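All residue numbers for the sequence shown refer to the numbering used here, where the first residue is 252 and numbers rise by one.
A virtual CB, placed ideally from N, CA and C, is assigned to each residue, including glycine.
Please read all numbers here as calculations on a predicted model, not as lab measurements.
Taking it in order: structure first as structure tokens, then the write-up.
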Amino acid sequence: MSTTVLGIETSCDETGVAVVRDGELLADVTATSMDEYARYGGIIPEIASRAHLETFVPTLNAALEKAGVALDSIDAVAVTAGPGLVGSLTVGVSAAKALALSLRKPLYGVNHIIGHLCVDELVDGPLPDRFIGLVVSGGHSSILRVSNIATEVEELGGTLDDAAGEAFDKVGRLLGLPYPGGPHIDRLAREEGDRDAIRFPRGLAAGKDKERHKYDFSFSGLKTAVARYVEGLESRGEEIPRADVAAGFSEAINDTLTSKSLNACEDFGCDTLVVGGGFSANSRLRELFAERAASRGITVRIPPIRYCTDNGAMVASLGYELVRNGVEPSGLGITVDTGMSLSKTHM
Ligand code: KG4
Ligand code: ZN
Numbered sequence: 252m253s254t255t256v257l258g259i260e261t262s263c264d265e266t267g268v269a270v271v272r273d274g275e276l277l278a279d280v281t282a283t284s285m286d287e288y289a290r291y292g293g294i295i296p297e298i299a300s301r302a303h304l305e306t307f308v309p310t311l312n313a314a315l316e317k318a319g320v321a322l323d324s325i326d327a328v329a330v331t332a333g334p335g336l337v338g339s340l341t342v343g344v345s346a347a348k349a350l351a352l353s354l355r356k357p358l359y360g361v362n363h364i365i366g367h368l369c370v371d372e373l374v375d376g377p378l379p380d381r382f383i384g385l386v387v388s389g390g391h392s393s394i395l396r397v398s399n400i401a402t403e404v405e406e407l408g409g410t411l412d413d414a415a416g417e418a419f420d421k422v423g424r425l426l427g428l429p430y431p432g433g434p435h436i437d438r439l440a441r442e443e444g445d446r447d448a449i450r451f452p453r454g455l456a457a458g459k460d461k462e463r464h465k466y467d468f469s470f471s472g473l474k475t476a477v478a479r480y481v482e483g484l485e486s487r488g489e490e491i492p493r494a495d496v497a498a499g500f501s502e503a504i505n506d507t508l509t510s511k512s513l514n515a516c517e518d519f520g521c522d523t524l525v526v527g528g529g530f531s532a533n534s535r536l537r538e539l540f541a542e543r544a545a546s547r548g549i550t551v552r553i554p555p556i557r558y559c560t561d562n563g564a565m566v567a568s569l570g571y572e573l574v575r576n577g578v579e580p581s582g583l584g585i586t587v588d589t590g591m592s593l594s595k596t597h598m
């Protein structure tokens, strides 16, 4: 018997709806309100919530039409219950409850960070039983140990302050680049920067800190070092070598992300690393993994960029895994959990 799962994602600024049948992606439609935030220099949660309310039904209809699936042939509804922005999550969870109730189908409230890893099976084939996951986005930088993607995930470490994407966006602002700064810093560093020109500090990468925080990240010291460097030049009226700053800064973050996640693979005897989240679009991150992983016998799986940013496919894929693993549905009583623990795959 085949299983068709509807996935709904509204944790931040993307409204995503997707349909997965038996592990195959039939449709994945995303609308975003990101264009509205450039002039504010950051996401405005109130605007994001309202945008979800406006775009949800058209996005749902587009996904069903593209999949060629009628609403009443959906077997289960999966929705992001956390982590994310409270208003945005509430719109998606309310819509999912209404659908599950009217269709009389089971409802799963899923952890969208785990979805960022699970989605890779839709493009790169079945995931190994055990692997290490690295999720890097504007809100998260976490290393996870996965023993069963539906039921058994352990958070090995995460950022103590800023997420990688967040640090890029903040340094982007400092360098006068448009929001979000991440892609701009990446391009500037790659096309014009010398990554050896300025060496910025790596957080939690040496001595006692490294021992105590083996799989944790800290990027705020790095951010401050960049700010001091730029302010120093400014106060002397000197020109800021923006591309070299971008390249040195990018190198410090990507060096740490790649070393710590590959070390986790070795420490736990996993030969596969799955990477997800919007920051995995970063070209230097991909390059460093290509340079460092194969020689250590580790395969790095990174889905195409459209599946790295928030989308419905990741929620539908995790929903499908929950059904396939016989996990009890979350039920209509679920709430949203803005700070949902990464060791919890679902509500
Ligand atoms: O996962 P995502 O789309 O949204 C959430 O944070 O949930 O990630 C967006 C983040 C932003 O901080 C953005 O600046 C960063 O990912 N980003 C990048 C690149 N593309 C997106 N950072 C560095 N290099 C990139 N190429
Ligand atoms: Zn996300």
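Tell me whether residue i counts as near the ligand ZN, meaning its Cβ is closer than 7 angstroms to at least one heavy atom of that ligand.
i	result
H597	no
H464	no
H367	yes
H363	yes
For residue i, collect the residues of the same chain with a Cβ closer than 8 angstroms to its Cβ; drop the 5 residues on either side in sequence, then sort them by chain order.
i	result
E287	I295, I298, A302
Y430	Y288, A289, Y291, G292, G293, D420, G423, R424
L354	L322, D323, I325, V328
R547	L513, C516, E517
Within the same chain, show all residues whose beta-carbon is closer than 6 angstroms to that of residue i, passing over the 5 residues directly before and after it, in chain order.
i	result
V397	F382, G384, V404
P377	none
L426	R493
I556	A532
F530	V387, S388, A415, G416
V526	L385, I553
F540	T509, V551
Note down, in chain order, each residue of its chain lying with its Cβ closer than 7 angstroms to the Cβ of residue i, except the 5 sequence neighbours on either side.
i	result
F307	T266, V342, A346
S512	I383, L385, I394, L524
G360	V330, A332, V344, S581, I585, H597, M598
R543	T509, L513
K595	N362
G528	H367, V386, V387, S388, H391, C559
A278	A269, V270, A314, K317, A318
V374	P554, P555, Y558
Output the boundary residues of the beta strand (DSSP E) element that contains residue i.
i	result
T550	550 to 552
Y359	358 to 362
F451	Here F451 belongs to no beta strand (DSSP E), and DSSP marks it neither H nor E.
L257	255 to 260
G333	327 to 333
V370	No beta strand (DSSP E) contains V370, which DSSP labels as neither H nor E.
L354	Looking at the DSSP string, L354 is not in any beta strand (DSSP E); the run it does join, the alpha helix (DSSP H), is 337 to 354.
V387	382 to 387
Which residue marks the beginning of the alpha helix (DSSP H) containing residue i, and which one marks its end?
i	result
S512	493 to 518
V280	No alpha helix (DSSP H) contains V280, which is instead part of the beta strand (DSSP E) from 275 to 283.
S300	296 to 318
E542	534 to 543
G423	415 to 425
V566	563 to 575
I436	432 to 443
S471	471 to 486
What's the gap between the Cα of residue i and the Cα of residue j?
i	j	result
L583	D326	15 angstroms
V566	G319	19 angstroms
G338	V387	22 angstroms
L257	N514	36 angstroms
R535	D437	8 angstroms
A222	G390	Residue 222 is absent from the structure shown; the chain starts at 252 and stops at 598.
L322	S392	36 angstroms
G563	T589	18 angstroms
A349	K421	39 angstroms
R575	G444	48 angstroms
T475	E482	10 angstroms
L276	L358	19 angstroms
R552	V328	27 angstroms
V587	E406	20 angstroms
F500	S253	49 angstroms
G577	S262	25 angstroms
E485	A478	10 angstroms
N312	T281	12 angstroms
H402	V370	With the sequence shown as reference, residue 402 is identified as Thr, and His is not the correct amino acid for it. So the alpha carbons of these two residues sit roughly 16 angstroms apart.
R503	P452	For clarity, residue 503 is Ala in the given sequence; the question names Arg instead. Taking the straight line from one Cα to the other gives about 7 angstroms.
L411	T507	14 angstroms
L340	E489	46 angstroms
Any heavy atom of the ligand GTP closer than 7 angstroms to the CB of residue i?
i	result
R355	For the structure depicted, the ligand GTP is absent and the ligand set comprises only the ligand KG4 and the ligand ZN.
For residue i and chain D, any beta-carbon pair shorter than 8 angstroms?
i	result
T255	This model lacks chain D altogether, as it is built from one protein chain only.
- With a cut-off of 5 angstroms, give the chain-ordered residues whose Cβ is closer than this to any heavy atom of the ligand KG4. The filter returns C263, S388, G389, G390, G416, F419, D420, P431, G433, P434, D437, G528, G529, F530, A532, N533, T560, in chain order.
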